[in-house]
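Q: Residue numbers for the sequence shown follow the working numbering, beginning at 6 and rising by one. Glycine included, each C-beta is placed from N, C-alpha and C at the ideal position.
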Amino acid sequence: MCANVSSSKLLNTDKRQSLILIEKTAMNAPLSTHEIQALDSAHFIHPFTDHGDLATRGARVIDRAEGIYIWDSEGQRMLDGMSGLWCVNAGYGRKELADAAQAQMMKLPFYNSFFQTTNVPAVQLATKLASLAPTVGGRSFQHVFYSSSGSESNDSNVRMVRRYWDLLGQPQRKVIISRHNAYHGSTMAGASLGGMSGMHAQGDLPIPNITHIGQPYYFEEGLPGETADEFGVRAAGWLEAKILELGADKVAAFIAEPVQGAGGVIIPPDTYWPEIQRIVDKYGILLVSDEVICAFGRLGHWFAYEKFGYRPDLVTFAKAVTSGYIPLGGVMVGDRVAKVLIEKGGEFNHGYTYSGHPVACAVALANIELMERENLPGRVKDDIGPYLAKAYATLADHPLVGVAETCGFVAGLVLVKSKTRGADGRMQMFPEELAVGMKCRAHCFKNGLIMRAVGDRMIIAPPLTMTHAQIDEMMGLIRKVLDLTMADLKATGQLQ
Ligand SMILES: Cc1ncc(COP(=O)(O)O)c(C=O)c1O
């Protein structure tokens, strides 16, 4: 178990004590969990974190990892059902990725690609990615723009989309349509493209010319008597309605995740993507597929648009391109956009110091080679994906589970108070203030399982290297934490 220490102890570490800790850190002397937590709280601002609250608990210190497991500083082992943060697709401890980084660091640790210069790993990776991205409906991807993250890549998308329409003499086409509850990153443009109201509430977002439509979430938005397929067509229709409301000549692009990840693993009905494709084609607007989570085997394909059969013009990637071992992101630029940017564009005034970083690209190449050798996308498609789907479907028997669904190697389930449908045709949910998802997540941590709570949706995205036995082990843990959550709710009178 991770040591818990009181806020006063963490925040009021006295001056003498903190000097000792700083000295110990400088000397690389081993630190206790408590000491690490004190320094963490004193110096490290975490992303998406309430720091006052964290200081009262002390951060869990993750110390090492191997395969699909991580260990904290107190020695507790946890099955990492989230692949870090949707990225460690190849699992932990893959020596060849470290070797690739080391070899490249010794040969050429960095050089920029601004000044008419390039480097071999960046060229090799772009060539490899172009060969992996399937051509759909005659549209291929021959070009890559590099960044270091998903957020930066989506900023690049905004720049490229606007530049594209400017070059075509339609500068009034500025608006990018996204969806509520989407996640496209945390920079100003990324957070604006995303549809997270909590993020918009801080920092005057979204920036101008970005707007949102509803998400294709059947469990929450489907009408009584409406099938999932009917709902899929209706949800896609919100895009057409928005285009007509804005005026088609004002709309530059539609951006969406193939399956919404951080929003809670929202899997669209089969009818959704074909209808979206019909609509973007009808109005000639660009389609951006944000595959920061869904690419590199996560849904059983190198790129997820192939699974759903749509034809994007730009594809965002990051995370699992290196299995998270080193930061790298980018945009696959389809022929339609690349042709205009290259042939009509002149200089494109956009780029990052680390665009095409040789070490990151070398690790990505080693990671892709490993994934090809172990056929990780194919395993998800034909073996462990269907195995997980079958096991996961059985969770629907659990009294707390309203719906349990998977897509490739992501899965979500909804915790409900009662499965009996009310007059509105919906199952009964727990009051939000009960934070049942967080209760369930606390049981996960205590019982050695990393599972994420998004409201009362519990989600997973485990490493693609999992064996059947490890999936069975994970399913056993999920059932256990569901039982413990139910027992808690009964004990406190929240459930009969
Ligand atoms: C779909 C999607 N887009 C963009 C991002 C942002 O990526 P990053 O955190 O690397 O900036 C994420 C991160 O989770 C994501 O899931």
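(1) CA-CA distance, residue 500 and residue 422?
(2) Quick one: what's got a C-beta closer than 7 angstroms to residue 475's C-beta in the same chain, skipping five residues either side?
(3) Please classify residue 222: does DSSP put it in a helix, a strand, or coil?
(4) For residue 153, count the other beta carbons within 10 Å of its own beta carbon; 16 or more makes it buried, fewer makes it exposed. Which is it?
(5) If you check the beta carbons only, do residue 315 and residue 166 fall under 9 angstroms apart?
(6) If you draw a straight line from the C-alpha of residue 163 to the C-alpha of residue 287, how long is it?
(7) Please output, in chain order, the residues near ligand 1 using a CB cut-off of less than 7 angstroms to any non-hydrogen atom of the ligand.
(8) May I have a chain-ordered list of the beta strand (DSSP E) segments no shorter than 3 residues that lie completely inside the stretch 159-205?
(9) Measure how close the beta-carbons of residue 186 and residue 201 come, nearest whole angstrom, since I'm counting them as under 8 angstroms.
(10) For residue 10, which residues in the same chain have their Cβ closer than 7 angstroms to its Cβ, ignoring the five residues on either side in sequence?
(11) Give me the Cα-Cα distance between residue 269 and residue 411, rounded to the nearest whole angstrom.
(12) Excluding sequence positions up to five away, which residues of its chain have a Cβ less than 7 angstroms from the Cβ of residue 78?
(13) Roughly how many angstroms separate the alpha carbons of residue 390 and residue 224, rounded to a whole number?
(14) Can you tell me which residues form a DSSP beta bridge with residue 148?
(15) Using only CA atoms, which one of 309, 226, 106 and 247 lies nearest to residue 182?
(16) Where in the stretch 28-100 do unbroken runs of the alpha helix (DSSP H), each at least 4 residues long, occur, reported from the N-terminal end onward?
(17) Report yes if the C-beta distance between residue 435 and residue 420 is below 9 angstroms; otherwise report no.
(18) Are there three or more Cβ pairs, one per stretch, closer than 8 angstroms when the stretch 254-262 is compared with the stretch 287-300?
(19) Beta strand (DSSP E) containing residue 412: first to last residue?
(20) Pick from 424, 486, 254 and 457: whose alpha carbon is nearest that of residue 448?
A: On the basis of the supplied data:
(1) Taking the first residue of the sequence shown as position 1, residue 500 is located at position 495. Taking the first residue of the sequence shown as position 1, residue 422 is located at position 417. Rounded to the nearest whole angstrom, the C-alpha separation of residue 500 and residue 422 is 7 angstroms.
(2) As a first step, residue 475 is located in the sequence shown; it is residue number 470 there, counting from the start. Taken in chain order, the residues that qualify are 73.
(3) As a first step, residue 222 must be located in the sequence shown, where it is residue number 217. In the structure shown, residue 222 adopts coil according to DSSP, grouped into three states.
(4) For this step, residue 153 is matched to residue 148 along the sequence shown. The residue is buried, with at least 16 neighbouring Cβ atoms inside 10 Å.
(5) As a first step, residue 315 is located in the sequence shown; it is residue number 310 there, counting from the start. As a first step, residue 166 is located in the sequence shown; it is residue number 161 there, counting from the start. Going by C-beta atoms, residue 315 is not nearer than 9 angstroms to residue 166.
(6) What you label residue 163 is simply residue 158 of the sequence shown in a count that begins at 1. What you label residue 287 is simply residue 282 of the sequence shown in a count that begins at 1. Spanning the alpha carbons of residue 163 and residue 287 requires a straight line of approximately 21 angstroms.
(7) Any residue whose Cβ sits closer than 7 angstroms to a heavy atom of ligand 1 makes the list: 90, 91, 154, 155, 156, 157, 159, 188, 189, 190, 191, 195, 262, 266, 267, 295, 297, 298, 321, 323, 324 and 334.
(8) Counting only runs of 3 or more, we get 180-184.
(9) Within the sequence shown, the letter at position 181 stands for residue 186. Within the sequence shown, the letter at position 196 stands for residue 201. Here residue 186 really is in contact with residue 201; their C-beta atoms are around 7 angstroms apart, less than 8 angstroms.
(10) What you label residue 10 is simply residue 5 of the sequence shown in a count that begins at 1. Unreliable placement is indicated for residue 10, whose pLDDT of 43 sits below 50; no coordinate value is reported for it.
(11) As a position in the sequence shown, residue 269 is number 264, starting the count at 1. As a position in the sequence shown, residue 411 is number 406, starting the count at 1. About 12 angstroms.
(12) As a position in the sequence shown, residue 78 is number 73, starting the count at 1. Excluding sequence neighbours, residue 78 sits near 38, 41, 66 and 68.
(13) Translated into the one-based positions of the sequence shown, residue 390 becomes position 385. Translated into the one-based positions of the sequence shown, residue 224 becomes position 219. Taking the CA atoms as reference points, residue 390 sits about 22 angstroms from residue 224.
(14) For the purposes of this step, residue 148 is taken as residue 143 along the sequence shown, with counting starting at 1. The bridge partners DSSP lists for residue 148 are 338.
(15) Residue 182 sits at position 177 when you count from the first residue of the sequence shown. Looking from the CA of residue 182, the closest CA among 309, 226, 106 and 247 belongs to 247.
(16) The stretch 28-100 contains these whole alpha helix (DSSP H) runs: 38-48, 56-62 and 88-91.
(17) Taking the first residue of the sequence shown as position 1, residue 435 is located at position 430. Taking the first residue of the sequence shown as position 1, residue 420 is located at position 415. Yes, the pair counts as a contact, with Cβ atoms nearer than the cut-off.
(18) These segments touch.
(19) Along the sequence shown, one-based indexing puts residue 412 at 407. Here the beta strand (DSSP E) through residue 412 covers 406-412.
(20) Sequence index remark: in the sequence shown, residue 448 carries index 443 (1-based). Here the closest residue by C-alpha is 486.
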